[in-house]
Amino acid sequence: MSQLEQVIKSRKSVRAYDPEFKIDKKELEEILEIASSAPSSSNLQAWRFIVIQDQEKKKELTPFGNNQAAIDASSAIIAVIGDAEAYKNAQEIYAQNVELGYMDQSIAETYATNTYNSYSKLPQQVLSQFASYDAGLISMQILLLAKDRGYDTLVMGGFDKVDFAKRFELPENQFPIALIALGKAKAPAFNSSRLPLEKIVTFY
Numbered sequence: 006m007s008q009l010e011q012v013i014k015s016r017k018s019v020r021a022y023d024p025e026f027k028i029d030k031k032e033l034e035e036i037l038e039i040a041s042s043a044p045s046s047s048n049l050q051a052w053r054f055i056v057i058q059d060q061e062k063k064k065e066l067t068p069f070g071n072n073q074a075a076i077d078a079s080s081a082i083i084a085v086i087g088d089a090e091a092y093k094n095a096q097e098i099y100a101q102n103v104e105l106g107y108m109d110q111s112i113a114e115t116y117a118t119n120t121y122n123s124y125s126k127l128p129q130q131v132l133s134q135f136a137s138y139d140a141g142l143i144s145m146q147i148l149l150l151a152k153d154r155g156y157d158t159l160v161m162g163g164f165d166k167v168d169f170a171k172r173f174e175l176p177e178n179q180f181p182i183a184l185i186a187l188g189k190a191k192a193p194a195f196n197s198s199r200l201p202l203e204k205i206v207t208f209y
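Going by the numbering used here, the sequence shown opens with residue 6, and the numbers climb by one from there.
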């Protein structure tokens, strides 16, 4: 079994955390930076993050998350935010590609213009769907990177997103998607079964 397979198989949803264990801010930054290599629609990277380490702010967040103990006891909470107006960054993103030698100037300008024109015409619901899908991709990278470094995680989608958005004063184009708890398990996670492959896969 490869190291990647071991990480994937060992990752579990942990709900009980050691409140004394802390993850350094620099390491959280490293995890997020590496995770940002995740693919995204037109490379727009429509994800944003709020990292909450302050204990008082975590306690304040707990009622939004149905009083789940993991929020208060974990070392950090990463709030995954979607940006429905990520297309407005197309010019900046493709300019970076030119600076890094990944793309010629003329091609980058064409891509940036086409991307902006295409996405700006889409309804808000579709833009939010793109952002939500892409947020799922980077979230999984965060979970696996954390596990590879010896940390445990829990993804929480069931929280009061309206109150969260108000509390953290999110602009209208941004919306909360999930909360990820990171820390060190205080108790082992429950194992969980998976449906058999023949139940979920069709080959042609």
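From the three backbone atoms N, C-alpha and C, an ideal C-beta is built for every residue, glycine too.
Taking 9 Å as the threshold (C-beta atoms), are residue j and residue i in contact?
{"i": "Gly188", "j": "Ser79", "result": "yes"}
{"i": "Ile143", "j": "Val85", "result": "yes"}
{"i": "Asp139", "j": "Lys17", "result": "no"}
{"i": "Ala136", "j": "Ala91", "result": "yes"}
{"i": "Phe54", "j": "Ile13", "result": "no"}
Please report how far the alpha carbon of residue i lies from the alpha carbon of residue j, in whole angstroms.
{"i": "Val56", "j": "Ala151", "result": "14 Å"}
{"i": "Ala40", "j": "Ile185", "result": "14 Å"}
{"i": "Tyr124", "j": "Ala95", "result": "10 Å"}
{"i": "Leu148", "j": "Gly162", "result": "14 Å"}
{"i": "Ala74", "j": "Ala100", "result": "44 Å"}
{"i": "Lys31", "j": "Thr207", "result": "44 Å"}
{"i": "Glu210", "j": "Phe195", "result": "No answer is possible for residue 210: the residues shown for the chain start at 6 and end at 209."}
{"i": "Ala117", "j": "Pro24", "result": "46 Å"}
{"i": "Ile112", "j": "Gln146", "result": "30 Å"}
{"i": "Met64", "j": "Gly141", "result": "Per the sequence shown, the amino acid found at residue 64 is Lys instead of Met. Going by the C-alpha atoms only, they are around 25 Å apart."}
Since residue i sits in a beta bridge, which residues does DSSP pair it with?
{"i": "Pro181", "result": "Ile86"}
{"i": "Ser18", "result": "Thr158"}
{"i": "Phe54", "result": "Val85"}
{"i": "Ala186", "result": "Ile82 and Leu159"}
Apply the 10 Å Cβ neighbour rule to residue i and answer buried if 16 or more other Cβ atoms are within range, or exposed otherwise.
{"i": "Val131", "result": "exposed"}
{"i": "Ala51", "result": "buried"}
{"i": "Pro201", "result": "exposed"}
{"i": "Ile98", "result": "buried"}
{"i": "Leu105", "result": "exposed"}
{"i": "Pro181", "result": "buried"}
{"i": "Gln129", "result": "exposed"}
{"i": "Ser47", "result": "buried"}
{"i": "Gln179", "result": "buried"}
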